[in-house]
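Visitor: Next up is a structure, given as structure tokens.
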Amino acid sequence: WRIDGQAAANTVPMQDDGASGDGAAGDSTFGALIPPQAHRAIVAFQISVTSASGKTDLYPPRPAQGQRTPYYLYEVDDDTPLDNGSASYRVIMTRADSDTLRNRAVGSDVLLNCTFIGDGEVHHMAAIRYRGENSRTLERKAYRIEFPPEDTFQGIESLNLNASNRVGSVETSSLRDFLSADLFRRA
12 WRIDGQAAAN TVPMQDDGAS GDGAAGDSTF GALIPPQAHR AIVAFQISVT
62 SASGKTDLYP PRPAQGQRTP YYLYEVDDDT PLDNGSASYR VIMTRADSDT
112 LRNRAVGSDV LLNCTFIGDG EVHHMAAIRY RGENSRTLER KAYRIEFPPE
162 DTFQGIESLN LNASNRVGSV ETSSLRDFLS ADLFRRA
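This is how it looks when you write it as structure tokens:
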């Protein structure tokens, strides 16, 4: 594991001792605990396993194609969760991938690694890019998030998150909401 932005990686051995996030001792389930980190720290980690025969595998496996970084990601968040009843989505990216997304050509469809959290579900190895055709040049961006087929979000492999931008001094989503409500009222 490593803190995002640091080159040095740290190792924590996996144990089956009942004290390492592994369940009961001796149950053939292994776990490891990454030490607590500072608020807003992004932690990237991999899992290396070696069988009794000496075969080693690394998880997550490197994707068959593309430039995606093979790390699981999480962000330390000590804030109190919002309790407003609305859906809450979070995307966690390394600083390098986030900078790449913001600074590359907006028309790029190359997917970048992220962890997506929505409705209490955590999806590692999701991928993100800007979406849309004309909206990519607007101030607020719309995003496309793709999930691995074995780890969909509520059965969805691709999620489009649309942005709200202004028309004059009015948010377009507010304008659409107003027009929809007016149309519904008149129907």
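Under my numbering, the first residue of the sequence shown carries the number 12, and numbering increases by one thereafter.
Note that the Cβ used here is the ideal one computed from N, Cα and C, for glycine as well.
Just so you know, these numbers come straight off a predicted model, no measurement behind them.
Any contact between the segment 157 to 175 and the segment 138 to 149? By contact I mean 3 or more CB pairs, one from each, below 8 angstroms.
Guide: Yes: the two stretches touch, three or more of their Cβ pairs being nearer than 8 angstroms.
Visitor: Under 8 angstroms Cβ to Cβ from residue 52, same chain only, skipping five residues before and after it: list those, please.
Guide: Excluding positions up to five away in sequence, the list reads 14, 15, 86, 87.
Visitor: With distances taken Cα to Cα, identify the nearest neighbour of residue 158 among 54, 128, 143.
Guide: Ranking the options by Cα distance to residue 158, first place goes to 128.
Visitor: Is the segment 64 to 71 touching the segment 98 to 113, taking contact as three or more C-beta pairs under 8 angstroms?
Guide: Taking 8 angstroms as the limit for Cβ pairs, the verdict is that the segment 98 to 113 does not touch the segment 64 to 71.
Visitor: Sort out for me which residues DSSP pairs residue 127 with in a bridge.
Guide: Paired residues: 102, 134.
Visitor: To the nearest angstrom, report how far apart residue 144 and residue 154 are at their CA atoms.
Guide: Answer to the nearest angstrom: the Cα atoms are 11 angstroms apart.
Visitor: If you draw a straight line from the alpha carbon of residue 20 to that of residue 39, how long is it in whole angstroms?
Guide: So the alpha carbons of these two residues sit roughly 26 angstroms apart.
Visitor: Please state the DSSP three-state secondary structure of residue 67.
Guide: In the structure shown, residue 67 sits in a strand (DSSP, three-state: E or B).
Visitor: Could you compute how far the alpha carbon of residue 140 sits from the alpha carbon of residue 45?
Guide: So the alpha carbons of these two residues sit roughly 29 angstroms apart.
Visitor: Judging by CA-CA distance, which residue of 56, 90, 96, 95 is the nearest neighbour of residue 84?
Guide: Comparing Cα-Cα distances from residue 84 to each of 56, 90, 96, 95, the minimum goes to 56.
Visitor: Sort out for me which residues DSSP pairs residue 157 with in a bridge.
Guide: Answer is 138, 169, bridged to residue 157.
Visitor: Mapping DSSP to helix, strand and coil, what is residue 31?
Guide: Three-state result, residue 31: coil.
Visitor: Run through the DSSP bridge pairs and tell me what residue 61 is partnered with.
Guide: DSSP output for residue 61 lists 67 as bridge partner(s).
Visitor: Quick check: what's the CA-CA separation for residue 130 versus residue 27?
Guide: Between residue 130 and residue 27, the C-alpha separation is close to 31 angstroms.
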